[in-house]
Amino acid sequence: MLSGVLLFNQKGELLILRAFRQDMRPRLADVFRIQVISNAQIRSPILTLGSTTFSHIRSENIYIVGVTKGNVNSALVFEFLYKLAGLGKSYFGRFDEEAVKSNFVMVYELLDEILDFGYPQNTETETLKMYITTEGVKSERAALEDSSKITMQATGALSWRRDNIKYRKNEAFVDVIEDVNLLVSANGTVLRADVNGAIEMRAYLSGTPECKFGLNDRLTLGENGTDASLGGPVGNAAGSKASKAAAGSVTLEDVSLHQCVKLSSFTSDRTISFIPPDGSFQLMTYRATENVNLPFKVQAIVNEVGKSKVEYSVSIRANYGSKLFATGVVVKIPTPLNTASTTHRTSQGKAKYEPSENAIIWKIARFTGQSEFIFSGEAELSAMTTHKSWSRPPISMQFSLLMFTASGLLVRYLKVFEKSSYSSVKWVRYMTRAGSYEIRWVLTKSNEVDGLRGKQIEKYSLDDQAEDEIIAAEERRQRIKDERKTVQEFASRGAGW
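Count the sequence shown with UniProt numbering and you get residues 1 to 497, in order.
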């Protein structure tokens with residue numbers, strides 16, 4: 001596994017060198033400094049020279065480097081490096097150059113505890129804090145008692161939770177947090193719609209409780225495992241759109257569980273049973289690409305009037321229930337680079353042109369469900385010596401929506417079992433946020449038609465690549481129509497060609 005661990009500052013000064021094997025030579029630190037830190041062209045986090053591989057990450061203003069020999073699992077190396085950075089932040093607040101220099105003895109202690117001959121061992125913060133502390137020296141008897149407890153904790157089955165935890169009030173908080181990603185084409189086709197979700201938990205429970213987690217009545221796994229159904233009691237659903245989505249099947253992909261989860265029960269009946277760590281932790285992460293509930297429907301229309309003006313019309317409708325509301329809604333409406341001034345009107349919220357971002361920023365503090373708000377505006381363009389067509393970047397949105405899940409995932413129940421049979425309070429919160437939420441423009445173009453109808457606006461749903469071809473075809477169609485009209489006029493007068 002790891003031959004050694006190196007820590008450098010931004011200038012390339014060596015802060016920590018801990019060798020775990022004989023093939024870790026001190027001169028390898030100079031090799032990394034010359035080949036990576038001093039070479040601005042190096043962008044890859046992995047550098048292989050001969051049989052030696054340097055894997056590194058950045059934490060604040062330091063480099064954390066793992067040195068390996070031979071064919072080693074790189075994913076495992078990077079997992080350890082990020083764990084080391086997390087431990088440093090947990091111990092020192094920030095894991096930067098100043099923290100390393102001020103606590104270099106403790107950094108060496110941490111490395112010796114979490115690595116054994118280069119193999120990662122226990123990296124749980126709560127367990128390590130039991131025997132790697134900065135407190136004063138205890139009495140000999142107390143030290144012996146603590147040493148016995150530490151040995152049982154470090155070698156036992158529950159390395160993530162210490163014994164004899166007591167709280168006056170036993171509580172468990174569950175947050176289902178989802179980031180929804182969307183890309184809609186100009187003709188309204190959904191090109192991408194997926195959800196990145198996580199179930200985060202804060203457990204303040206006494207003793208060693210066992211928790212059981214129940215999700216939707218029908219839960220299936222996609223790429224990560226064999227499809228199976230999860231049957232569980234139906235509880236009172238949260239008053240939200242999420243309860244309606246939960247009526248159908250929810251398919252999850254790339255499911256990752258915390259090490260405290262008993263995989264045997266999850267594999268057999270999809271029950272999430274676990275003994276939680278004390279405090280905050282991430283119980284589960286997942287992805288969903290099927291049956292995604294989109295919180296907003298956006299229609300964006302743009303009309304380029306010659307080379308001097310661009311007209312906008314944007315309507316946003318909330319698809320979630322009327323009792324819910326989104327907060328912090330920000331709509332970014334791109335403008336051409338040569339925009340001189342803008343005028344705009346909104347049915348709700350405030351809009352402001354930001355020249356530094358080349359966009360009009362429309363902010364809505366509170367967006368109630370089932371409501372629709374409209375933005376209309378114009379951008380006056382300044383003359384340019386060389387005209388360059390505007391690429392029309394898509395509209396993007398940011399928002400935060402409570403008690404709604406885009407995947408339809410729903411917590412049915414959370415039960416806590418402990419030998420003292422105390423009562424506990426459980427809280428569940430859902431939050432959906434915007435990841436990459438983008439909508440491409442629908443281009444409109446004004447055309448002359450017959451005198452009975454006057455002028456009308458014909459809407460074309462254009463892809464950027466096909467736009468020029470469609471416009472040229474429309475111009476040819478219009479010329480043919482004009483020629484036919486001229487022929488009919490001459491024929492009605494008895495004239496020939």
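Backbone N, C-alpha and C fix where the C-beta goes; we use that ideal spot for every residue, glycine too.
Out of 359, 191, 175, point me to the one whose CA is closest to residue 199's CA.
The shortest C-alpha separation from residue 199 is found at 175.
If I'm right that residue 55 touches residue 77 with Cβ under 8 Å, what's the distance once you round it to whole angstroms?
Yes, they are in contact, since the Cβ atoms of residue 55 and residue 77 sit about 5 Å apart, within 8 Å.
Measuring alpha carbon to alpha carbon, tell me which of 393, 187, 356, 172 ends up nearest residue 416.
Nearest C-alpha to residue 416: 172.
Going by the DSSP bridge assignment, what does residue 4 pair with across the sheet?
Note: residue 4 sits in a beta bridge opposite 19, 67.
Can you look up residue 80 in the DSSP assignment and give me helix, strand or coil?
Helix at residue 80.
Classify residue 270 as helix, strand or coil using the three-state DSSP reduction.
Reduced to three states, the DSSP call for residue 270 is coil.
For the region 275-294 and the region 204-214, state whether three or more C-beta atom pairs, one from each stretch, are separated by less than 8 Å.
Segments in contact, yes.
Is the region 326-345 touching the region 370-387, taking contact as three or more C-beta pairs under 8 Å?
With the cut-off at 8 Å, the region 326-345 and the region 370-387 touch.
When DSSP labels each residue in this structure, what does residue 435 get in the three-state scheme?
It is a strand residue.
According to the neighbour-count rule (16 or more other Cβ atoms, all chains shown, within 10 Å of its Cβ), is residue 443 buried or exposed?
Buried, because 16 or more other Cβ atoms sit within 10 Å of the Cβ of residue 443.
Does DSSP classify residue 99 as helix, strand or coil?
Helix at residue 99.
What's the C-alpha gap between residue 306 and residue 395?
Cα to Cα, residue 306 sits roughly 22 Å from residue 395.
Does any CB atom of chain D fall closer than 8 Å to the CB of residue 60?
Among the protein chains of the structure shown there is no chain D, as only one such chain exists.
My output table needs one value for residue 404: the three-state DSSP class, helix, strand or coil.
Reduced to three states, the DSSP call for residue 404 is coil.
Could you spell out the range, first to last residue, of the beta strand (DSSP E) harbouring residue 30?
That residue, residue 30, is in no beta strand (DSSP E); its alpha helix (DSSP H) goes 27-32.
Going straight from the alpha carbon of residue 260 to that of residue 322, what length do you get?
Approximately 39 Å, taken between the alpha carbons.
Quick one: using the 10 Å Cβ neighbour count with 16 as the cut-off for buried, is residue 277 buried or exposed?
So residue 277 counts as buried.
The beta strand (DSSP E) that contains residue 178, what's its start and end?
Per DSSP, residue 178 belongs to the beta strand (DSSP E) from 171-184.
Give the C-beta separation of residue 300 and residue 332 to the nearest angstrom, bearing in mind that I take them to be a contact with Cβ-Cβ under 8 Å.
Wrong, their Cβ atoms sit about 11 Å apart, outside the cutoff.
Please give the ranges of any alpha helix (DSSP H) in the region 107-131, keeping only runs that are unbroken, at least 4 residues long and fully inside the region.
Complete alpha helix (DSSP H) runs here, min 4: 125-131.
Nearest to residue 190 by alpha carbon, out of 294, 353, 354, 33?
Minimum Cα distance to residue 190 is reached at 294.
Tell me whether residue 49 is buried or exposed, calling it buried when 16 or more other Cβ atoms sit within 10 Å of its Cβ.
Exposed, since its Cβ has fewer than 16 Cβ neighbours within 10 Å.
Using the C-alpha atoms, what's the distance from residue 256 back to residue 264?
Each residue's alpha carbon lies about 14 Å from the other.
Between which two residues does the beta strand (DSSP E) harbouring residue 318 extend?
Where residue 318 is concerned, the enclosing beta strand (DSSP E) stretches over 309-318.
Taking all protein chains shown into account, decide if residue 159 is buried (16 or more other Cβ within 10 angstroms of its Cβ) or exposed.
Counting Cβ neighbours within 10 Å, residue 159 comes out buried, since at least 16 surround it.
Who are the Cβ neighbours of residue 184 in its own chain at under 6 Å, not counting the five residues just before and after it?
Contacts found: 190, 439.
Hey, is the region 1-18 in contact with the region 88-103, meaning 3+ C-beta pairs nearer than 8 Å?
Contact between the region 1-18 and the region 88-103 is present, because at least three Cβ pairs lie under 8 Å.
Is there contact between the region 78-88 and the region 59-69, where contact requires at least three CB pairs shorter than 8 Å?
Contact holds: three or more Cβ-Cβ distances are below 8 Å.
If the criterion is Cβ atoms closer than 8 Å, does the pair residue 369 and residue 410 meet it?
Cβ atoms of residue 369 and residue 410: not closer than 8 Å.
So, residue 115 versus residue 87, is the Cβ gap smaller than 8 Å?
Not in contact: residue 115 and residue 87 (Cβ atoms no closer than 8 Å).
To the nearest angstrom, report how far apart residue 387 and residue 330 are at their CA atoms.
Taking the straight line joining both Cα atoms gives about 31 Å.
Using a Cβ-Cβ cut-off of 8 Å (strictly less than) and excluding sequence neighbours within five positions of residue 336, which residues of its own chain qualify?
So the list reads 310, 358, 379, 381, 390, once near-sequence residues are dropped.
Near residue 16, which residues of its chain fall below 8 Å by C-beta distance, leaving aside the five closest residues on each side in sequence?
So the list reads 5, 6, 7, 100, 104, 107, 108, 111, once near-sequence residues are dropped.
Which ranges does the beta strand (DSSP E) cover as unbroken runs of at least 3 residues, wholly within the region 411-435, from first to last along the chain?
413-417, all fully within the region 411-435.
Identify the residues that DSSP records as bridge partners of residue 334: which are they?
Residue 334 pairs with 359.
What are the start and end residues of the beta strand (DSSP E) that includes residue 352?
That run of the beta strand (DSSP E) goes 350-354.
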